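Residue numbers (this note's numbering): 3 to 87.
Below: the structure, in structure tokens.
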Amino acid sequence: SGREVHEEFHVPQRPAEELYDLAADPDESENLASDKKPFEPAAEASDPNPAHVDALDRLRDELESWMASTDDPLLDGPVPYPDIE
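As structure tokens, this is what we get:
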């Protein structure tokens, strides 16, 4: 059935946020923003390690500032797919 096909080929969603220590973890296997591993099937990600909360907050602020400075349309919500004819 369609559900079986979907379950067989479905790729789980990546976590909403990812943070890696590339010097210690060049393969990006330990997401410091969450206990959830990339592509690991889990209902919800856990809270970040408290040691990394400040870095996550700073990076979120930097991203939002950059998005505002570039007039990123995602600040207004999801961007619709273009009409393709």
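Cβ atoms here follow ideal geometry from the backbone N, Cα and C, with glycine treated the same way.
Values in this document were obtained by computation on a predicted structure and should not be read as measured data.
Cβ separation of residue i and residue j, assumed to be a contact under 8 angstroms, to the nearest whole Å
i, j, result
"residue 77", "residue 70", "7 angstroms"
"residue 31", "residue 19", "In fact, because the Cβ distance is near 16 angstroms, the residues do not count as touching under 8 angstroms."
"residue 21", "residue 53", "Residue 21 to residue 53, Cβ: 11 angstroms. No contact."
Sub-8 angstroms separation of residue i and residue j beta-carbons
i, j, result
"residue 24", "residue 51", "no"
Simplified DSSP assignment, three categories, for residue i
i, result
"residue 71", "helix"
"residue 78", "helix"
"residue 64", "helix"
"residue 93", "The structure shown has nothing for residue 93, since the chain only spans 3 to 87."
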